[in-house]
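Here is the structure we will look at.
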Amino acid sequence: MVNAAKTTIPLSSHEHGGIVSLEGPTTFDDVRLLEVDVNRWACGASPTITFRYDSKDPEYDFTRAVPVPSARVHQPTKIFEPILSRAFTALEFSPDAVGCVTSAYWVNTDQRPLVLAATLGPGWESQRLFQRLWFESRILKDPK
């Protein structure tokens, strides 16, 4: 999805309170993927990007705040979020994120049925793309 075709979302309106109003999917089975690019080094101490849904319909309120992880290099962090319903209303940038969000896009998923949320920090291409799970040794022992 990183190199997929994208449609740019204008961000000029986010200067007013850190909110960019957006229209979500128009049909029930339409799932969109939203990408937000952040220059973490230009952010304040605790930047977050909130994917806001209308709280008037709690069944479809998938609002989620995503913290932007710290980065040691001057490359963008890419945040991907699936947008799941017509109740999606806006992107919200915390005060620490207002000056460091550089771009946002609707990503063309080619109608793939499964799109996942992901935060890809600078240099993610050279990092391990798995996570190790550590268990207590008593759990791994044979129960005999």
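Using my numbering, the letters of the sequence shown map in sequence onto residues 3 to 146. Backbone N, C-alpha and C fix where the C-beta goes; we use that ideal spot for every residue, glycine too.
Taking 9 Å as the cut-off, the Cβ atoms of Arg-42 and Trp-108 do not count as close. C-alpha of Thr-65 to C-alpha of Phe-53: approximately 5 Å in a straight line. If you compare the alpha carbons of Glu-61, Ile-51, Gly-123, Asp-32 with that of Arg-74, the shortest gap goes to Gly-123.
In the structure shown, the three-state DSSP call for Ala-89 is coil. The alpha carbon of Cys-45 has as its nearest neighbour, out of Asp-112, Thr-79, Ala-92, Val-4, the alpha carbon of Thr-79. Around the beta carbon of Leu-116, a 10 Å sphere encloses fewer than 16 other beta carbons of the protein chains shown; the residue is thus reported as exposed. Nearest to Pro-71 by alpha-carbon distance, out of Thr-10, Asp-56, Ala-47, is Ala-47.
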